[in-house]
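K.L.:
According to full-length UniProt numbering, the residues represented by the sequence shown are 1 to 200, in order.
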Amino acid sequence: MGNREDLLEGAKRCLLEKGYTRTTARDIAAAAGVSLAAIGYHFGSKDVLLTEALRQAIEEWGDDMARISTASKNAVDADPAERFAATWTKVTESFAQSRALWSIQFEMLAYIERDPGLRQTFAKAGKQARMALVDLFGIPASVTDPQEVEKIGAYYQTLLSGLAAQWLLDPETAPCGRDLIEAAQTVAKGLPIPTDSRTT
């Protein structure tokens with residue numbers, strides 16, 4: 001690997017070990033085995049490097065989940081509800097191996113209040129994540145409107161963030177995939193869609 005790749009790997013290790021705000025440029029340089037000046041040369045700043053490292057770490061988690069989803073789909077291909085439940089259960093189980101990754105993301109939610117540039121970066125990444133979640137969990141074949149697809153992605157993103165938060169607080173009571181789908185079906189029965197979907 002070159003210095004750029006070494007820096008990204010070092011930054012990912014530091015993020016997972018120390019978190020975003022406690023990681024220094026010197027920490028990253030030491031973990032990567034490169035000079036401190038290399039951070040400025042390749043990324044411009046420590047914050048840009050950490051943001052890119054976090055983005056890559058999230059993508060790697062997403063790739064792992066995509067493989068799990070494919071396996072779930074093959075196992076229960078005839079039943080979308082079973083696939084939904086099985087995939088969410090696997091996501092919940094993955095939190096045990098990715099606790100640090102999710103903790104960092106919640107840590108950064110507070111930090112971005114002081115950094116508009118970081119907010120924009122994460123807002124853009126959030127939109128991309130919605131589409132990745134649509135690929136992961138799937139949508140009904142009848143849904144083709146891009147706006148509807150984005151709404152479904154936002155719904156999955158809301159479930160994912162909420163599930164991660166509950167698991168971080170108390171893994172024993174976090175819902176499993178079957179809990180999620182049973183609750184969604186129960187709630188949907190009592191919620192006729194309003195004429196104006198933007199009505200609050």
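Glycine included, each C-beta is placed from N, C-alpha and C at the ideal position.
1. Would you tell me roughly how many angstroms separate the C-alpha atoms of residue 132 and residue 187, rounded to the nearest one?
2. Could you give the distance in angstroms between the alpha-carbon of residue 55 and the alpha-carbon of residue 125?
3. Let me make sure I understand the geometry here. Which of 120, 52, 67, 39 has the alpha-carbon closest to that of residue 135?
4. Does DSSP put residue 177 in a helix, in a strand, or in coil?
5. Straight-line CA distance for residue 158 to residue 128?
6. With the cut-off set at 8 Å, would you say residue 23 and residue 15 are in Cβ contact?
7. Once DSSP output is grouped into helix, strand and coil, what is the label at residue 34?
8. Is residue 38 closer than 8 Å to residue 12 when the C-beta atoms are compared?
9. Using 8 Å as the threshold, is the C-beta distance between residue 184 and residue 92 below it?
10. So residue 21 packs on residue 121, CB below 8 Å; how close in whole Å?
11. What residue from 8, 30, 80, 27 has the CA that sits closest to residue 181's CA?
P.N.:
Once the coordinates are examined:
1. 25 Å
2. 8 Å
3. 67
4. helix
5. 14 Å
6. yes
7. coil
8. no
9. no
10. Contact flag wrong, Cβ pair sits at about 16 Å.
11. 80
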